[in-house]
Amino acid sequence: MKKGTFILCAAALIVLPAAVSAQAIGIGARIGTLGIGAEAAVGLGSRLALRGGVGLTPIETDASRFWDVGDDVDATFKLPKTWYNIGADLYLGGGLRVGGGMLFKPDDPTITGTLTTTGSIQIGDSTYYGTAVSEITGAVDSKTQAPYVLIGFGKEAAPGIGLFLDLGVAFLGEPVVTLTATGDP
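In structure tokens form, the structure reads like this:
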């Protein structure tokens, strides 16, 4: 459903009425906390623009780079693979703008740890041993779609090449951390 919503919004940006088709259109690349991706914007006059984009974060890394997971644990940390956004920007003057919209993410960050048969890991007040637990998987579950707000600089739908900077926050809700263990108790 989330991909369908994004595709529908992207299609709406492409197949806008004739009155809007005469407006400025910008296409660009982006890099940031939402990954590497692309974005498109349609200017609706000098003060308003609609935009949408996709970001890819195919990051899978050794979790011991960030946390002490223990000597006998091989752990992998994964970020959500794709992010989608659709929104509107209001230009306050020059390239200064405020914006808002919806952010979509189909999956959540996860960490997976594999214990050696002689290894152990302590989580909270409990110790788990490799003889009983072979793998522990953790996930940080949050909303798959959330509103966002931003303040930025740069005009996406202006002619030429430019640099755009955004600082924003998405309201993903209260995250729920889950741990799942697999093995032979």
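Read in order, the letters of the sequence shown are residues 1 to 185 in my numbering.
We put the CB at the ideal spot given by N, CA and C, even for glycine.
Whole-angstrom distance between residue j and residue i, CA atom to CA atom
{"i": "GLU156", "j": "LEU150", "result": "14 Å"}
{"i": "THR178", "j": "ARG47", "result": "44 Å"}
{"i": "THR180", "j": "THR137", "result": "5 Å"}
{"i": "GLY101", "j": "LEU172", "result": "13 Å"}
{"i": "ILE111", "j": "GLY87", "result": "31 Å"}
Buried versus exposed, by CB contacts within 10 Å (16 or more), residue i
{"i": "ALA170", "result": "buried"}
{"i": "ILE121", "result": "buried"}
{"i": "ASP62", "result": "exposed"}
Identity of the residues DSSP links to residue i by a beta bridge
{"i": "TRP67", "result": "For TRP67, which the question treats as bridged, DSSP gives no partner whatsoever."}
{"i": "LYS78", "result": "GLU60, THR110"}
Of the residues the options, the one placed nearest residue i, counting alpha carbons only
{"i": "GLY52", "options": "ALA63, TYR148, GLY138, THR114", "result": "TYR148"}
{"i": "GLY94", "options": "PHE164, ASP125, GLU39, GLN122", "result": "PHE164"}
{"i": "PRO175", "options": "PRO109, GLY32, GLY101", "result": "PRO109"}
{"i": "GLY35", "options": "ALA49, LYS81, GLY119", "result": "LYS81"}
{"i": "THR76", "options": "PHE104, ARG97, GLY113, PRO58", "result": "GLY113"}
{"i": "THR118", "options": "ASP107, VAL133, PHE104, ASP125", "result": "VAL133"}
{"i": "LYS143", "options": "TYR91, TYR128, TRP83", "result": "TRP83"}
{"i": "ALA139", "options": "LEU103, THR127, LEU79, LEU167", "result": "LEU79"}
{"i": "ASP116", "options": "ASP125, GLU135, GLY32, PHE104", "result": "In the sequence on display, residue 116 carries Thr and not Asp. Among ASP125, GLU135, GLY32, PHE104, the Cα nearest to that of THR116 is on GLU135."}
CB contact below 8 Å: residue i versus chain D
{"i": "SER142", "result": "Given the protein chain composition of this structure (a single chain), no chain D is represented."}
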